Structures are given as structure tokens and as C-alpha cells.
Amino acid sequence: MKKLSVVIIARNEEANISRCLESVQWADEIIVGDSGSDDRTVPIAQSYSAKIVTYVWRGFGPAKQIVTDHAEGEWILSIDADEEVTSDLADEIRAAIADSGGIVGFRLPRRTQFLGRWIAHGGWYPDLVLRLYRRGRGRFTDAHVHEEVLVDGPTGCLGHDLLHYSYPNLDVYLDKLNKYTTLAAEDALRRGQTAGPARIIFNPLAKFLKQYILRAGFLDGREGLLLAVLSAGYVMTKYAKLWDLRRGRIRSRSKSDAGD
């Protein structure tokens, strides 16, 4: 039986996928889930002997679970195409799964790069994410974005960083902001959340103050300031989109009722 399966979802990630796959060549199995790439993502993944799984996109949580269901390893390591497992982290992972001591899931500290700078403050580090777990003891939530693994049993934390090359430039950040805020607003709508003027105005302000002042984002220099401003913009955009979605739903219901 395979000891460790690395699971990755990707779409048009030719700029990142080689670095990611190179960092996990020591694993027993690598599975790349693709949801319709039209660049070289799939050929690159195949060149690293990765197993390719195709699927219809229904959000991050469902996508990661679909791909994970194809894994054969005793342990699952779920990473993103723009992440890298350092050699120190790889050694720690191998040691952890060799003698887990009854622990069924491990959180990894994730360090994110923003415009070429590793962010160390503002609540962005350490960003502890549960990515390593026993197969059959964990499952992804069905959230469209900001998904997480829920495990049945005790968890622990590893000490070495998972590197996240998420935002090399503002175009990438803004593209992700638009995509993720739409998914987050759809998730919020499904949960029955509302978005009045208070949330659209005051929640972004609170986000900025918390990230930049209370969590010392100012120590990350200009990048820290810009990231705090953009994070506030993320919150505002999410709630504005939620307000727009609810307005559209109300109008649809009104038209339906009028038709009846």
C-alpha cells in the first residue's frame, strides 16, 4: 500500500506547477486534478509522472474532495499548484507519518509571498492549514472557496513552512480577488447571510485596522500597507456581491409571484 499521496488541483497553472511537482517527487503517488486547462498544465504534470484526474468545476471544496477520492495512499498531503514543499518540510512530513502517535491530521505553517515579499505579519503568518491527514479520517468541506479539511481525531502541528507563491503581481491578485469574492458571496448566500450598508462599509474598515494595526501589518512595509488595503477591499467586494446576489434573488421571486 502506498504511504503518501500528494493531491493537487490545477487549472492553467503552467507558471507554477513545475515548482510544485518538483518539490514532492519523493511522495509515493502524485495526483493532479484538472478542470479544463488550455495551457501546458497537463503535459507538464504528466512529465512528472502525475496521475491526471479531470472533473467539472463546482468549487474548491468539492474539487479537492473529488480528486482526493482517487488517492490510494494511507496519508494525504493536499497542496495547491502555487505552493512548494521545502526539503525540511518534506523530511518532517516523512517523520510524522512514520510515527504519528495516534494523530490523524497535521497543520502546516504556510508563508505567503506578496509582490516578491514574504509576509510575516498582519495575521498572514503563521497561516496554519490542515493539509496532511490519514485517508478516510478527513474530508473537505463543500465550500466554494476557503475550504478546509475536517478530521475525525486528534491533530498536531508541523514546524517547517509550506511556501505559497500566490501573488507575484497585482494582476494576479485582482484576478483572484474577483474570482474568490464571487465564490465567497455565493457561499454566504447559501448560508442565508445578509449584506446591509453596515457590513459593506464597516467590516472592511475593521479588517484594515485589525490587519494593519492590531496584527502589525505595518512591519511588512509598503507591501504590508497595500495588502491591508486590498484585504479590506476584498471584504467590501464580497459583501457588495452578496447584496447584489440577494437583490437578484428577491427580484426573481417577485417576478415569479407576479406571474402566479
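Residue 183 in numbering that gives the first Met the number 0 is what sits at position 184 of the sequence shown, and the numbering runs on without skipping anything. All C-beta atoms, glycine included, are put in the ideal place defined by N, C-alpha and C. Note that the structure is a prediction, hence the values are computed from the model and not measured.
Contact between arginine 130 and valine 103 does not hold, since the beta-carbon distance rounds to 13 Å and is not under 8 Å.
Non-local C-beta neighbours of alanine 97 in its own chain, meaning closer than 8 Å and more than five positions away in sequence, are absent. With the rule of 3 Cβ pairs closer than 8 Å, the stretch 216-229 counts as touching the stretch 111-125. The C-alpha of tyrosine 54 is placed about 30 Å away from the C-alpha of valine 234.
Tyrosine 164 carries a strand assignment under DSSP once its states are collapsed to helix, strand and coil.
For alanine 44, the CB contacts under 7 Å within the same chain, skipping 5 residues up- and downstream, are Ile16, Leu20, Val31 and Ile51 in chain order. Residue pairing from DSSP places isoleucine 75 in a beta bridge opposite Ser4 and Tyr132. The count of Cβ pairs closer than 8 Å, one atom from the stretch 140-158 and one from the stretch 195-214, stays below three, leaving the stretches out of contact.
If you compare the alpha carbons of Arg246, Trp25 and Ile118 with that of glycine 191, the shortest gap goes to Arg246.
According to DSSP, leucine 127 shares a beta bridge with Pro108. Between isoleucine 199 and tryptophan 242, the C-beta spacing is below 9 Å.
In the three-state scheme derived from DSSP, where H, G and I count as helix and E and B as strand, tryptophan 242 is classed as helix. The stretch 55-71 makes no contact with the stretch 80-96: fewer than 3 CB pairs, one atom from each, lie closer than 8 Å.
Serine 46 sits away from arginine 134, with the two beta carbons spaced by 9 Å or more. In this structure, the alpha-carbon of phenylalanine 105 lies about 9 Å from that of serine 99. Note that the C-beta distance between valine 128 and leucine 182 is not below 9 Å. Collapsing the DSSP output to three states places leucine 188 in a helix.
When the Cα atoms are used, tryptophan 56 and alanine 49 turn out to be separated by approximately 20 Å. Here the alpha carbon of aspartate 33 sits roughly 5 Å from the alpha carbon of alanine 9.
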